[in-house]
Amino acid sequence: MKRNPIETVLGALVLAIAAMFLGFAYSTADVKSVSGYEVSADFLKVGGLERGSDVRMSGIPIGTVTAETLDPTSFLARVTMTVSGNVQLPADTEASIVSDGLLGSKYVNLIPGRASDNIPAGGKIAKTRDFQSLEDLVGQVIFLATQDPNKPADSHGDSSSKTQDAPK
Numbered sequence: 005m006k007r008n009p010i011e012t013v014l015g016a017l018v019l020a021i022a023a024m025f026l027g028f029a030y031s032t033a034d035v036k037s038v039s040g041y042e043v044s045a046d047f048l049k050v051g052g053l054e055r056g057s058d059v060r061m062s063g064i065p066i067g068t069v070t071a072e073t074l075d076p077t078s079f080l081a082r083v084t085m086t087v088s089g090n091v092q093l094p095a096d097t098e099a100s101i102v103s104d105g106l107l108g109s110k111y112v113n114l115i116p117g118r119a120s121d122n123i124p125a126g127g128k129i130a131k132t133r134d135f136q137s138l139e140d141l142v143g144q145v146i147f148l149a150t151q152d153p154n155k156p157a158d159s160h161g162d163s164s165s166k167t168q169d170a171p172k
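Per the working numbering, residue 5 is the first one in the sequence shown, and the count goes up by one each step.
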């Protein structure tokens, strides 16, 4: 079997270009661990939020999601996140899971409260808003659009069964 030196050089060149591409992708991806303190929040549904997703306040990343677990007693999704040490969260901070655009990735949005005391390391964010999927929103719009504004709503959707007879 005869070796061709051009194939060897070409293979080495392809490997070098691949290594440079991976190095560039890693350096621009901003894959750094956030040092700070952990807090958690409970949600009914997390809607595609993943470990490593951003935690943002006023649109600025201040942390990352480090874990998602199911609380065995309440059956709520517990999201654990690391928040930068230089950001102190007021005790009445609200957490919500939102989407970065129509088809974008999910992240935790923190809305700071006005409380004077802060959430301690390992503490819990008590106020949460669950993720609203596109399907949920479309369903609500369709439901509202199909309701007759002149017809009073009741629990069964039939207003004719609620009439009362006049006293005799």
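Note that CB positions come from ideal geometry on N, CA and C, so glycine has one too.
Residue i versus residue j - alpha carbon distance
{"i": "aspartate 96", "j": "serine 109", "result": "26 Å"}
{"i": "leucine 48", "j": "glutamate 11", "result": "57 Å"}
{"i": "serine 164", "j": "phenylalanine 147", "result": "Below a pLDDT of 50, predicted positions are generally treated as unreliable, and serine 164, at 44, falls in that range; the measurement from the model is reported next regardless. Answer to the nearest angstrom: the Cα atoms are 20 Å apart."}
{"i": "threonine 86", "j": "glycine 52", "result": "18 Å"}
{"i": "alanine 20", "j": "phenylalanine 135", "result": "44 Å"}
{"i": "leucine 114", "j": "threonine 32", "result": "25 Å"}
{"i": "serine 62", "j": "proline 9", "result": "57 Å"}
{"i": "alanine 125", "j": "aspartate 75", "result": "19 Å"}
{"i": "valine 91", "j": "glycine 105", "result": "26 Å"}
{"i": "valine 59", "j": "serine 137", "result": "19 Å"}
{"i": "proline 153", "j": "isoleucine 66", "result": "45 Å"}
{"i": "arginine 7", "j": "valine 112", "result": "56 Å"}
Buried or exposed by the 16-neighbour rule on C-beta atoms within 10 Å, applied to residue i
{"i": "methionine 24", "result": "exposed"}
{"i": "leucine 14", "result": "exposed"}
{"i": "leucine 17", "result": "exposed"}
{"i": "tyrosine 30", "result": "exposed"}
{"i": "valine 142", "result": "exposed"}
{"i": "isoleucine 64", "result": "exposed"}
{"i": "alanine 130", "result": "exposed"}
{"i": "valine 145", "result": "exposed"}
{"i": "alanine 149", "result": "exposed"}
{"i": "threonine 77", "result": "exposed"}
{"i": "alanine 22", "result": "exposed"}
Residues that residue i bridges to, as DSSP identifies them
{"i": "serine 103", "result": "Lys110"}
{"i": "serine 88", "result": "Gly40"}
{"i": "asparagine 122", "result": "Pro94"}
{"i": "glutamate 139", "result": "Glutamate 139 pairs with nothing; no bridge assigned."}
{"i": "arginine 133", "result": "Ser100"}
{"i": "aspartate 46", "result": "Arg82"}
{"i": "glycine 67", "result": "Val59 and Val87"}
{"i": "leucine 74", "result": "Ala81"}
{"i": "isoleucine 146", "result": "Per DSSP, none; premise fails for isoleucine 146."}
{"i": "isoleucine 115", "result": "Glu98"}
Cut-off 7 Å between Cβ atoms - residues of its own chain near residue i, not counting five sequence neighbours on either side
{"i": "proline 173", "result": "Residue 173 cannot be examined here, being either before or after the span of the chain that is shown, 5 to 172."}
{"i": "glycine 56", "result": "Thr68 and Val69"}
Residues near residue i by beta carbon distance below 6 Å, same chain, minus five either side
{"i": "serine 103", "result": "Lys110"}
{"i": "glutamate 98", "result": "Ile115 and Lys131"}
Whole-angstrom C-beta distance between residue j and residue i, which should lie under 8 Å
{"i": "glycine 89", "j": "glycine 27", "result": "At roughly 29 Å, the Cβ-Cβ gap does not stay under 8 Å, so glycine 89 and glycine 27 are not in contact."}
{"i": "alanine 45", "j": "lysine 128", "result": "7 Å"}
Sequence-distant residues of its chain with Cβ nearer than 8 Å to residue i (five each side left out)
{"i": "valine 50", "result": "Glu72, Ala81, Val83, Ile101, Lys110 and Phe135"}
{"i": "leucine 107", "result": "none"}
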